[in-house]
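Chains A and B supply the protein sequences, listed in that same order. Positions 1 to 174 (UniProt numbering) are the ones given, in order, by the first sequence. Positions 1 to 139 (UniProt numbering) are the ones given, in order, by the second sequence. See below for the structure under consideration.
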Amino acid sequence: MRTIFFIPLALFLFFAGLAGYMLTQEKNQTVASAMIDKALPEFDLEPAYDGLPGASRADFIGGEPKLLNIWASWCLPCIAEAPQLEALKEEGVEIIGIAIRDTPEDVTNFLDRHGNPYTRIGADDISALQIEIGAAGVPETFVIDGEGSIRYQHIGDIRENDVPKLLQVLEDVR
Amino acid sequence: MRWVLAFLLAVLGASAAAQDALPPAPYAYKQLDDPVLEAEATALMETLRCLRCQSQSINDSDAPMAGDMRHQVRSRILAGEEPKEVRAWLIERYGDYVSYQPEVSSTTWPLFAVPIALVLIVLLVLLRRLGLRRKTGDS
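Structure below.
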């Protein structure tokens, strides 16, 4: 038999093996934003409740890098993330919240129960800013530098071991 | 329909409570008045991926975010943008991932190159075989 006849069999085994291997791997369903290192788009959102001002692009310009936190009162992982946002705030980080599809009453209740790490919260009733910056889910956190560029994206809730990484990025982009 | 909805809400009470309380975006479920524009928007929405429910198009999905994306598509088409501009706008934000219609780019070119290469290889093999047979037939 000529070895060339074994090439299709070898190819088949390779792809079968690859498929089998991929089945054992954890499925990564996150969609990364393609907006990293691009300018934060222009936006101007109304306050999400009457306790804090709303948010606009201008609020990120000048000064230290800030966090833009996409969250919602109806989002369960956002509750898990609240202590870490509080810890970041205590480190002196300014966190500007964007409340996705939320009501003022729900926002007030959430902040009363889980703490308020924000300096501003803009209301994004139709996920317009969320789509504009390429965030696929809630919560997501973006690092915005003092010139208004998007420098880093954290997908999902911030766990305790994510806090040093975020502080490092905030330091790096100063 | 209303009974089915009431039943589902009763059964799925817990998960329904985890949804947001806001009404859908204006153009999430409302068609554009101009049937030509609506047809353009629908054709586009069928080829855009829902990011929360990744095996559905935003046209098929009832996820709130898919509704918000439909609102973006319809309002941009209504404002006079071409469907390909709206697609490019979304790809700029989410990468090729958001589009079910592959475009040639640095990551997708093999999709287009491999079939052409395969056809060329098959043609080459066929020509050689047929050529060989004719030669042996002649001799």
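From the three backbone atoms N, C-alpha and C, an ideal C-beta is built for every residue, glycine too. This structure is a prediction, so every number in the text was calculated from the model and none was measured.
Say whether chain A places a C-beta atom closer than 8 Å to the C-beta of residue i.
i, result
"residue 64/B", "yes"
"residue 34/B", "no"
"residue 20/B", "yes"
"residue 54/B", "yes"
"residue 101/B", "no"
"residue 15/B", "Here the model assigns residue 15/B a pLDDT of 43, short of 50, so the residue's position is not dependable, and the following value carries that caveat. Answer no: the Cβ-Cβ gap between residue 15/B and chain A never drops below 8 Å."
Using a Cβ cut-off of 7 Å, pull out every chain B residue sitting near residue i, in sequence order please.
i, result
"residue 156/A", "Result: empty, since nearest Cβ-Cβ is about 13 Å, beyond 7 Å."
"residue 24/A", "Those do not exist, as residue 24/A stays about 20 Å from chain B at its closest Cβ, beyond 7 Å."
For residue i, decide whether its Cβ has a neighbour in chain B, counting only Cβ atoms nearer than 8 Å.
i, result
"residue 87/A", "no"
"residue 92/A", "no"
"residue 74/A", "yes"
"residue 103/A", "yes"
Relative to the ligand ATP, is the shortest distance from any of its heavy atoms to the C-beta of residue i smaller than 7 Å?
i, result
"residue 82/B", "Looking at this structure, you won't find the ligand ATP or any other ligand, since it has none at all."
Go ahead and pull the three-state DSSP assignment for residue i.
i, result
"residue 27/A", "coil"
"residue 163/A", "helix"
"residue 101/B", "coil"
"residue 158/A", "coil"
"residue 149/A", "strand"
"residue 49/B", "strand"
"residue 28/B", "coil"
"residue 13/A", "helix"
"residue 53/A", "coil"
"residue 172/A", "helix"
"residue 33/A", "coil"
"residue 41/A", "coil"
"residue 47/A", "strand"
"residue 17/B", "For residue 17/B, the predicted model reports a pLDDT of 43, less than 50, meaning its position is unreliable; a value from the coordinates is still stated below. Helix at residue 17/B."
At a CB-CB cut-off below 8 Å, which residues of chain B make contact with residue i?
i, result
"residue 35/A", "92, 93"
"residue 44/A", "Ordered by position in chain B, no residue passes the 8 Å Cβ test against residue 44/A, which lies about 17 Å from the chain."
Could you work out which residues of chain A lie near residue i, taking near to mean beta carbons separated by less than 9 Å?
i, result
"residue 69/B", "127, 131"
"residue 41/B", "Chain A residues near residue 41/B: none, gap ~16 Å exceeds 9 Å."
"residue 31/B", "By Cβ distance, chain A contributes nothing, its closest Cβ being about 17 Å from residue 31/B, past 9 Å."
For residue i and residue j, I'd like the C-alpha separation in whole angstroms.
i, j, result
"residue 85/B", "residue 79/A", "38 Å"
"residue 91/A", "residue 67/A", "12 Å"
"residue 132/B", "residue 122/B", "15 Å"
"residue 41/A", "residue 13/A", "48 Å"
"residue 94/A", "residue 16/A", "50 Å"
"residue 134/B", "residue 120/B", "21 Å"
"residue 91/B", "residue 97/B", "8 Å"
"residue 55/B", "residue 40/B", "22 Å"
"residue 71/A", "residue 61/A", "21 Å"
"residue 96/A", "residue 25/A", "36 Å"
"residue 156/A", "residue 8/A", "43 Å"
"residue 98/A", "residue 136/A", "14 Å"
"residue 78/B", "residue 32/B", "8 Å"
"residue 74/B", "residue 102/B", "21 Å"
"residue 38/B", "residue 26/B", "14 Å"
"residue 100/B", "residue 49/B", "6 Å"
"residue 31/A", "residue 138/A", "12 Å"
"residue 102/A", "residue 73/A", "7 Å"
"residue 70/B", "residue 75/A", "22 Å"
"residue 108/B", "residue 56/A", "36 Å"
"residue 143/A", "residue 152/A", "5 Å"
"residue 38/A", "residue 88/B", "16 Å"
"residue 22/A", "residue 53/B", "21 Å"
"residue 50/A", "residue 107/A", "10 Å"
Report the neighbours of residue i on chain A: residues whose CB is nearer than 7 Å to its CB, in chain order.
i, result
"residue 25/B", "126"
"residue 97/B", "31"
Just the chain A side, please: which residues come within less than 8 Å of residue i by C-beta, in chain order?
i, result
"residue 51/B", "31, 136, 137"
Determine the chain B residues that contact residue i at a beta-carbon separation under 9 Å, and present them in chain order.
i, result
"residue 106/A", "20, 21"
So that I know if they touch, is there some Cβ in chain E lying closer than 8 Å to that of residue i?
i, result
"residue 54/A", "Going by chain labels, chain E is absent from the structure shown, which instead holds the protein chains A and B."
Item to check | Whole alpha helix (DSSP H) elements within the segment 66-145 of chain A, 4-residue minimum | outcome: 76-90, 104-114, 128-132
Checklist entry - Which full runs of the alpha helix (DSSP H) of 4+ residues lie inside the segment 63-119 of chain B, going along the chain? => result If we require 4 residues or more, the alpha helix (DSSP H) runs fully inside the segment 63-119 of chain B come out as 64-78, 83-94.
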